[in-house]
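S.K.: Residue numbers (the working numbering): 51 to 360.
All C-beta atoms, glycine included, are put in the ideal place defined by N, C-alpha and C.
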Ligand SMILES: Cc1cc2nc3c(=O)[nH]c(=O)nc-3n(C[C@H](O)[C@H](O)[C@H](O)COP(=O)(O)OP(=O)(O)OC[C@H]3O[C@@H](n4cnc5c(N)ncnc54)[C@H](O)[C@@H]3O)c2cc1C
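1) Is residue 65 helix, strand or coil by DSSP?
2) Where residue 98 and residue 142 are concerned, what is the direct C-alpha to C-alpha distance, given to the nearest angstrom?
3) Going by DSSP in three states, residue 360 sits in which element: helix, strand or coil?
4) Which word fits residue 151, buried or exposed, when buried means at least 16 other C-beta atoms lie within 10 angstroms of its C-beta?
5) Which ranges does the beta strand (DSSP E) cover as unbroken runs of at least 3 residues, wholly within the segment 284–347, from first to last along the chain?
6) Is residue 122 buried or exposed, if buried means 16 or more other CB atoms sit within 10 Å of its CB?
7) Starting from the C-beta of residue 360, find all residues in its chain whose C-beta is less than 8 Å away, skip the five residues before and the five after it, and write them out in chain order.
8) Report the rounded CA-to-CA distance for residue 211 versus residue 81, giving the unit in angstroms.
9) Just how far apart, CA to CA, sit residue 178 and residue 166?
10) Could you give the C-beta distance for residue 271 and residue 86, rounded to a whole number, given that I count them as a contact under 8 Å?
11) For residue 181, does the three-state DSSP call read helix, strand or coil?
12) Excluding the 5 residues flanking residue 314 on each side, which residues of the same chain have their C-beta closer than 7 Å to its C-beta?
13) Kindly indicate which three-state DSSP category residue 354 falls into: helix, strand or coil?
14) Within this structure, are the beta carbons of residue 188 and residue 114 separated by less than 8 Å?
15) Please report how far the alpha carbon of residue 335 lies from the alpha carbon of residue 67, in whole angstroms.
16) Which residues mark the beginning and the end of the beta strand (DSSP E) in which residue 234 is found?
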């Protein structure tokens, strides 16, 4: 699971030089290399992509990229940016669903501030009928993310849900807890490089756990999102739902913008609910590097795009 490429790209994502060069070229034109996975820098770019996705019979969640801010001032800036973005989306005729990371709104700076900032976002989100998904980050933040989620949930913010990663053995229990609360879960395999003592290392184990949690969510959960591009996981979900008589509108598949577009369209045309996760914004570099690390063939795609720009 933790391939050499994942290790390499995680390391490269910390490189300031790489980031500078990539930022200069990545989204420059309509055809620049990062555009395959990132909608653009502005919320207007994201809304334009959202319209195209909806016209194709799917839904979307918009993610204003950013993570690991280092100061209160940066966390405040990101929080204000989110609030402004909610207003812009609310004024556009697209679905109201966003995703965010807690380290973007201050988790690594101060936990109480992070909760306050999250509430500053959830308040207007609630007023405008948004659903807010809290992404799951690396395992240093799993417990605190779930704790903060439960804190805001118990305060009455139920227009929100979390993501759980099947590479973490603990996620089975976490899924049971979320089902008890009636909270919406997005199930993913997990995108970070984790130590062997906290995460499964083999694809077989990660996949088996994915299927186990998928079953828990489909039978006991609320509107689960099965987020994967893996045809085996998608087939397992559809077969299980059919076997248990669970209608296709009781759950949804989610995929990332630019990945397996063929599969997205094919599932939608077969009556499955498909939501596309659309990242946008200036801080796209770590997200982009995680996508490269997942699939080395993406590097060839980037190099070809770069060469064709010259
Ligand atoms: C909507 C959504 C939200 C997510 N949110 C989170 C989150 O909050 N936290 C988190 O840790 N992770 C998140 N992820 C990422 C996830 O954890 C995986 O890293 C990622 O989805 C790849 O795993 P996979 O399930 O697609 O299966 P894999 O077994 O990795 O891949 C299956 C197939 O999908 C295709 N594929 C997968 N990745 C790529 C790629 N980068 N480029 C091209 N093709 C690819 C390939 O055809 C591959 O053979 C999210 C993923 C999705 C779809």
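M.R.: Result, derived from the coordinates:
1) coil
2) 10 Å
3) Because residue 360 carries a pLDDT of 48, less than 50, the predicted location of this residue cannot be relied on, and the following value inherits that uncertainty. Residue 360: coil per DSSP, three-state reduction.
4) Result: buried.
5) Counting only runs of 3 or more, we get 302–306 and 324–330.
6) exposed
7) Any reading at residue 360 needs caution, since the residue's pLDDT is 48, under 50, leaving its predicted position unreliable; the model's value is listed next. Here the set comprises nothing.
8) Take the alpha-carbon of residue 211 and the one of residue 81: they are about 34 Å apart.
9) 19 Å
10) With a Cβ gap of about 32 Å, residue 271 and residue 86 do not count as contacting.
11) strand
12) 108, 305, 324 and 326
13) Assigned with DSSP and collapsed to three states, residue 354 falls in helix.
14) no
15) 12 Å
16) 234–238
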